[in-house]
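Heads up, the thing below is written out as structure tokens.
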Amino acid sequence: MLILKHNQLPANDLFIIERHLVRWLQDKVSPKITPDWHVLDLNRTDLYGHLLGLLGQLDLFTAVDRTASAWLDFLVDVDRAYQQTPYHSFYHAADIVVMLYYVLVELDGMHYLQTKDLPCLLVAALCHDVGHPGYNNLYQVKAKTDLAKRYSDSSVLENYSLEIAIDLVEKHKLFEALVDDWKTQLEQLILSTDMKYHDDLQDLALQMVKALSDRTSVDNDWPPKAHLPTPTRTSFSPPVTTTLTSTQRHDFCRIILHAADISNTVRPWPIAKQWSDLIVQEFFRQGDAERRAGLAISPGMDRHQSNQVSISLSFGDAVIQPYFDALHALLPKAAVFTQTLASNRHHWLQLEKDPHATPLTLLTPQCPPPFPYHAPSDLPTPTPTTSSSSSSSSSASSMASSLSSTSTLLTPPTLFDTPPLSRRRVSVPSTSLFQRNKPLTSRHPCRIVKPTHPWSHLHRHSRRPLRLRHPSPCHQSASQSFLFSDLIPPFYDPLHHPHQDNL
Numbered sequence: 056m057l058i059l060k061h062n063q064l065p066a067n068d069l070f071i072i073e074r075h076l077v078r079w080l081q082d083k084v085s086p087k088i089t090p091d092w093h094v095l096d097l098n099r100t101d102l103y104g105h106l107l108g109l110l111g112q113l114d115l116f117t118a119v120d121r122t123a124s125a126w127l128d129f130l131v132d133v134d135r136a137y138q139q140t141p142y143h144s145f146y147h148a149a150d151i152v153v154m155l156y157y158v159l160v161e162l163d164g165m166h167y168l169q170t171k172d173l174p175c176l177l178v179a180a181l182c183h184d185v186g187h188p189g190y191n192n193l194y195q196v197k198a199k200t201d202l203a204k205r206y207s208d209s210s211v212l213e214n215y216s217l218e219i220a221i222d223l224v225e226k227h228k229l230f231e232a233l234v235d236d237w238k239t240q241l242e243q244l245i246l247s248t249d250m251k252y253h254d255d256l257q258d259l260a261l262q263m264v265k266a267l268s269d270r271t272s273v274d275n276d277w278p279p280k281a282h283l284p285t286p287t288r289t290s291f292s293p294p295v296t297t298t299l300t301s302t303q304r305h306d307f308c309r310i311i312l313h314a315a316d317i318s319n320t321v322r323p324w325p326i327a328k329q330w331s332d333l334i335v336q337e338f339f340r341q342g343d344a345e346r347r348a349g350l351a352i353s354p355g356m357d358r359h360q361s362n363q364v365s366i367s368l369s370f371g372d373a374v375i376q377p378y379f380d381a382l383h384a385l386l387p388k389a390a391v392f393t394q395t396l397a398s399n400r401h402h403w404l405q406l407e408k409d410p411h412a413t414p415l416t417l418l419t420p421q422c423p424p425p426f427p428y429h430a431p432s433d434l435p436t437p438t439p440t441t442s443s444s445s446s447s448s449s450s451a452s453s454m455a456s457s458l459s460s461t462s463t464l465l466t467p468p469t470l471f472d473t474p475p476l477s478r479r480r481v482s483v484p485s486t487s488l489f490q491r492n493k494p495l496t497s498r499h500p501c502r503i504v505k506p507t508h509p510w511s512h513l514h515r516h517s518r519r520p521l522r523l524r525h526p527s528p529c530h531q532s533a534s535q536s537f538l539f540s541d542l543i544p545p546f547y548d549p550l551h552h553p554h555q556d557n558l
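Heads up: the sequence shown begins at 56 in the numbering used here, then just goes up one per residue.
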């Protein structure tokens with residue numbers, strides 16, 4: 056049974072999460088992760104369940120001596136700390152965790168590591184972009200934001216994410232059982248996701264390939280499971296088995312974390328295209344903010360000069376291809392990535408023939424569902440934009456107009472509306488809901504009432520009578536306030552009901 060200490064989730068959500076966890080921990084029915092496993096297809100409850108299952112499957116509960124409930128509590132807090140951005144959201148972090156699991160289990164990356172290497176690696180994946188405002192390091196430095204000043208213009212957002220990650224780990228006492236200096240490991244992992252270290256990590260991967268080609272011993276403490284590969288594999292020609300020093304294992308973690316972070320381009324085409332839509336939207340949003348602030352527009356972020364196809368092709372050819380070639384040399388099964396990259400390049404070339412390579416629909420793609428926004432208390436809070444009534448395609452001018460301020464905030468205004476943080480209360484006369492002159496015939500502490508009140512049309516989905524969660528209010532005042540959720544089944548969320556606005 057999952058019990059949260061720092062957060063609250065509906066009982067039905069906890070049941071769904073636990074059901075996913077149980078399936079993951081049962082070898083015969085646990086899901087199989089493949090590159091086309093898409094986190095954007097999941098709602099938040101299912102995502103929590105699958106992430107918890109991945110962590111449990113990798114034995115992280117035992118590695119840090121923390122329960123599944125403690126890890127779920129941590130996941131929810133990490134989600135809350137992510138901002139509402141088109142790309143750098145909690146769903147991006149979850150996608151990195153999924154791809155890391157794929158590299159570790161399906162591509163045999165686990166044969167280079169030990170169990171004790173995993174906690175910091177997976178937490179770094181979850182937290183590597185936490186707090187990211189959707190405006191990159193270059194913007195922070197050019198705009199001279201408070202964050203840039205705090206971290207001396209060096210890996211600004213990575214240092215910020217590291218600071219939040221350490222606070223969250225300490226809050227949940229997640230790594231109390233670890234003997235190693237987890238803060239140093241977490242720092243090196245998260246800072247290595249800064250793109251300025253891309254070439255260094257690529258060279259490190261090639262150096263590791265050269266060093267491992269002469270190794271012939273193995274010492275792996277990874278506990279094998281029925282569905283996992285055995286701890287002996289052929290990684291080079293001629294076949295050899297390998298063991299790594301502590302430093303080499305940590306370097307390998309940095310290499311695969313960065314690979315997972317930039318893996319959108321090597322995913323199957325529908326997934327790669329959707330992530331590309333989101334990152335290009337974020338790029339153009341930053342370019343608009345830079346134009347309004349009178350700053351030099353960052354390369355590839357001017358919507359009037361760049362397009363999605365050119366951005367994707369240049370990034371794939373110059374950045375992705377060499378790096379995943381090096382990863383392929385390190386992990387032979389990673390050939391699937393380079394093959395997919397070639398296929399996706401063909402799709403981009405087909406789109407290049409279209410004179411409108413960046414469609415207007417790119418301005419409002421299907422973004423990950425937001426979590427109620429929580430801004431750091433000591434930093435400027437972004438102002439949510441006013442909700443509009445429609446539509447699936449908006450013009451470039453409408454997006455630009457949402458950035459109404461020319462000032463350079465630390466966290467510029469978000470393009471997404473902040474969802475309500477609490478259910479609305481309604482005040483109704485109790486006589487419209489209850490027959491006050493009738494005695495309470497049920498011995499149950501909650502009175503059974505037929506849906507004959509003014510909102511009965513909201514309950515056409517169910518023929519069951521409504522059960523109030525509170526004792527009968529027959530002896531209370533004639534006018535009182537109720538939570539709307541108290542009048543409906545607990546699995547039903549009024550925040551998402553189509554008739555909500557009619558109340």
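Idealized CB from N, CA, C, for every residue including glycine.
- Per the Cβ contact rule, the segment 107-114 is not in contact with the segment 134-144 (fewer than 3 Cβ pairs under 8 Å).
- Going by DSSP, Lys199 is part of no alpha helix (DSSP H) at all; its letter is neither H nor E.
- Between Ala148 and the set Thr248, His75 and Leu162, the nearest pair of CA atoms involves Thr248.
- Closest by C-alpha distance to Ser268, out of Pro387, Met250 and Ser124, is Pro387.
- Val185 sits in coil when the DSSP states are folded into three classes, being neither helix nor strand.
- By alpha-carbon distance to Asn67, the top candidate from Asp101, Arg78, Leu80 and Trp79 is Asp101.
- For Val264, same chain residues with a beta-carbon under 6 Å away, outside a window of 5 residues either side, are Ala384 and Leu385 in chain order.
- Around the CB of His359, fewer than 16 other CB atoms lie within 10 Å, so the residue is classed as exposed.
- If the five residues before and after Trp92 are omitted, its C-beta is found closer than 7 Å to the C-beta atoms of Val153, all from its own chain and listed in chain order.
- For Trp92, the secondary structure class from DSSP, reduced to helix, strand or coil, is coil.
- Taking a 10 Å sphere around the C-beta of Ala373, we find fewer than 16 other C-beta atoms and assign the residue as exposed.
- By the neighbour-count definition (other C-beta atoms within 10 Å, threshold 16), Met356 is a buried residue.
- Using a Cβ distance threshold of 8 Å, Ile219 and Val185 count as a contacting pair.
- Around the C-beta of Asp172, 16 or more other C-beta atoms lie within 10 Å, and the residue is accordingly described as buried.
- Thr100: member of the alpha helix (DSSP H) spanning Arg99 to Gln112, first to last residue.
- For His402, same chain residues with a beta-carbon under 6 Å away, outside a window of 5 residues either side, are Trp324 in chain order.
- In the three-state reduction of the DSSP assignment, Glu231 falls in the coil class.
- Three or more Cβ pairs closer than 8 Å define a contact, and the segment 212-229 meets that threshold against the segment 238-252.
- Cβ contact annotation for Leu244 (same chain, cutoff 7 Å, sequence separation greater than five): Cys175, Leu176, Ala179, Cys308, Arg309 and Leu312, in chain order.
- Residue environment: Glu225 is assigned as exposed (fewer than 16 neighbouring CB atoms within 10 Å of its CB, all protein chains considered).
- Boundaries of the alpha helix (DSSP H) around Glu345: Trp324 to Arg347.
- 8 Å or more divides the Cβ of Arg347 from the Cβ of Tyr167.
- In chain order, Thr100, Asp101 and Gly104 place their CB closer than 8 Å to the CB of Ile71, counting only its own chain and leaving out the 5 sequence neighbours on each side.
- The C-beta distance from Leu404 to Phe379 rounds to 19 Å, too long to meet the 8 Å contact threshold.
- His61 carries a coil assignment under DSSP once its states are collapsed to helix, strand and coil.
- Nearest to Ser369 by alpha-carbon distance, out of Asp201, Leu181 and Asn399, is Asn399.
- When the beta-carbon positions are compared, Tyr142 and Ile88 stay at least 8 Å from each other.
- For Tyr156, the enclosing alpha helix (DSSP H) begins and ends at Phe145 to Tyr156.
- Here His359 carries a coil assignment [DSSP, helix/strand/coil].
- In the DSSP assignment, Arg74 falls within the unbroken alpha helix (DSSP H) covering Ala66 to Leu80.
- With a 10 Å radius around the Cβ and a threshold of 16 neighbouring Cβ atoms, His227 comes out buried.
- With fewer than 16 other Cβ atoms inside 10 Å of its own Cβ, Ala266 counts as exposed.
- Here the C-alpha atom of Leu76 lies approximately 39 Å from the C-alpha atom of Gln341.
- If you look at Thr117, you'll find it in the alpha helix (DSSP H) that goes Leu115 to Ala118.
- Residue state for Asn214 is assigned as helix, using DSSP reduced to three classes.
- Boundaries cannot be given for Val321, as no alpha helix (DSSP H) includes it and DSSP labels it neither H nor E.
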